[in-house]
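One structure is given here, and the rest of the page talks about it.
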Amino acid sequence: MTTEHGPAPETSVPTCYRHPGRETYVRCTRCDRFICPECMRDAAVGHQCVECVRAGNQGVRRAVPRTVLGARGSATAVPVVTYTLIGACVLAYLAELSSWRVVWEFMMLGRGVLPDGEVGGVAEGEWYRLLTTMFLHQRGGSFGVTHILFNMWALWAIGPALEQVLGRWRFLALYLLSGLGGSVLLYLVGAPGDSAVGASGAIFGLFGAFFVIGRRLGGSVGPIVVLLVINLVITFSVPNISWQGHVGGLVVGAALAAAYAYAPAARRTLFHVGAPLVTLALLAALVLVRTAELSPSV
262 MTTEHGPAPE TSVPTCYRHP GRETYVRCTR CDRFICPECM RDAAVGHQCV
312 ECVRAGNQGV RRAVPRTVLG ARGSATAVPV VTYTLIGACV LAYLAELSSW
362 RVVWEFMMLG RGVLPDGEVG GVAEGEWYRL LTTMFLHQRG GSFGVTHILF
412 NMWALWAIGP ALEQVLGRWR FLALYLLSGL GGSVLLYLVG APGDSAVGAS
462 GAIFGLFGAF FVIGRRLGGS VGPIVVLLVI NLVITFSVPN ISWQGHVGGL
512 VVGAALAAAY AYAPAARRTL FHVGAPLVTL ALLAALVLVR TAELSPSV
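Residue numbers (my numbering): 262 to 559.
This is the structure we're talking about:
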């Protein structure tokens, strides 16, 4: 009588692929290899091994932190826009010192006769003056130096904080549109020959924005209110200061900051993109109306 022997039953106990001396019956739900408790990582279903978790993390896009107003959050971000604006104003001032021509070719002027005898100004199609004027300052002398020093100090003092909470493009739009608002108000209510230079309109816009956003975030706004009141008193009491530029910048800056700060979260992008565009369109329309008054043939 013969006896037939079948294959011997498998009696070996599986071990961890990373630790062969450790017995385990748990498999990675992703690669199906045996893993011991030290190599287990909780997954949505079951456990995964260390290598599968690492590979999965490499393919996941990390969420970018945002500030309460929607800007990319970073406590260590360099205020690039603020420093660039300061640099542009300083370079423009150096150019002014080298030639008076820089001033009268790029200052804000509605319509008037220039030193070279030519008629120029915004009404003559030189619309760039509405923007270039915010990078110029009173040329030379103690007042001129004080003018640029104060504006650059104010920009350096409050610009980084606003740039951090708003983000770069919102902050830049706020600054430029505030300066533009000051130029437009001067163009609208000033005499055609009135001229002005300075970043003060944009700076007043930052003052207004700092107040609005500070209130929205529950911060202390007392110091900015004091600074704003002092500057408004100076604006209306010292001769040869363009109150139109200061008030225009303040109104535009505060209004735009309100749109940024109080936009509904679900429609934040729409408000943050739409508000600057609407502001720009409104200012452009006012410029066209005033230009038509000064140059009926246009």
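No residue lacks a Cβ here, since even glycine has one placed at the ideal position from N, Cα and C.
C-alpha gap between L358 and A418, whole angstroms
25 Å
For G381: DSSP bridge partner residues:
G373
Does the distance from the C-beta atom of G466 to that of G440 stay below 8 Å?
In contact: G466 and G440 (Cβ atoms closer than 8 Å).
For Q505, name the three-state secondary structure that DSSP assigns.
Helix at Q505.
Check T276 in the structure and name its three-state DSSP category.
Taken through DSSP and simplified to helix, strand or coil, T276 comes out as strand.
Between N501, H507, T276, which has its C-alpha nearest F404's C-alpha?
N501
Can you tell me where the alpha helix (DSSP H) with H533 in it begins and where it stops?
Element bounds for H533: 529-555.
Residue(s) in a DSSP beta bridge with D303:
H308
Whole angstroms is fine: what's the gap from S456's alpha carbon to L391's?
11 Å
Which of helix, strand or coil DSSP assigns to E424:
helix
Rounded to whole angstroms, what is the Cα-Cα separation between L346 and Y448?
Rounded to whole angstroms, L346 to Y448 spans 24 Å at the Cα level.
Taking the continuous alpha helix (DSSP H) assigned at A463, which residues delimit it?
461-478
Closest by C-alpha distance to A452, when choosing among A546, C292, E366, L555
When only C-alpha atoms are compared, the closest one is L555.
Are G509 and A463 touching if we call contact CB-CB under 8 Å?
no
Taking only heavy atoms of the ligand FMN into account, decide whether any of them is closer than 7 Å to the Cβ of A519.
The ligand FMN is not among the ligands present in this structure, which contains no ligands whatsoever.
So which of I409, Y521, L549, N492 has the shortest CA-CA distance to R476?
Ranking the options by Cα distance to R476, first place goes to Y521.
Hey, F367 and L397: beta-carbon distance below 8 Å or not?
yes
Compute the beta-carbon to beta-carbon distance between I491 and F471, rounded to the nearest angstrom, for a pair I have assumed lies under 8 Å.
That pair is no contact at about 15 Å.
Use the C-beta contact count for G442: other C-beta atoms within 10 angstroms, 16 or more gives buried, fewer gives exposed.
buried
Whose C-alpha, out of W361, S481, R283, L330, is nearest the C-alpha of R400?
W361
Assuming E357 is part of the alpha helix (DSSP H), what are its boundary residues?
341-359
Report the rounded CA-to-CA distance for W504 versus N318, giving the unit in angstroms.
57 Å
Helix, strand or coil for A457, going by three-state DSSP, please let me know.
Secondary structure of A457 (DSSP, three-state): strand.
Using the rule of at least 16 other Cβ atoms within 10 Å of the residue's Cβ for burial, across every protein chain shown, is C292 buried or exposed?
Burial is judged here by how many other beta carbons sit within 10 angstroms of a residue's own beta carbon; C292 has fewer than 16 and is exposed.
In angstroms, rounded to a whole number, what distance separates the CA positions of R372 and L438?
The straight-line gap separating the alpha-carbon atoms of R372 and L438 is approximately 22 Å.
Measuring only the C-alpha atoms, how far is R315 from E284?
23 Å
On a CA-only basis, which of V406, L446, D377, V363 is nearest T393? Give me that one, please.
Nearest C-alpha to T393: V363.
Excluding sequence positions up to five away, which residues of its chain have a Cβ less than 7 Å from the Cβ of G408?
One detail in the question is off: residue 408 reads as His in this sequence, not Gly. Hits under 7 Å: H398, Q399, G459.
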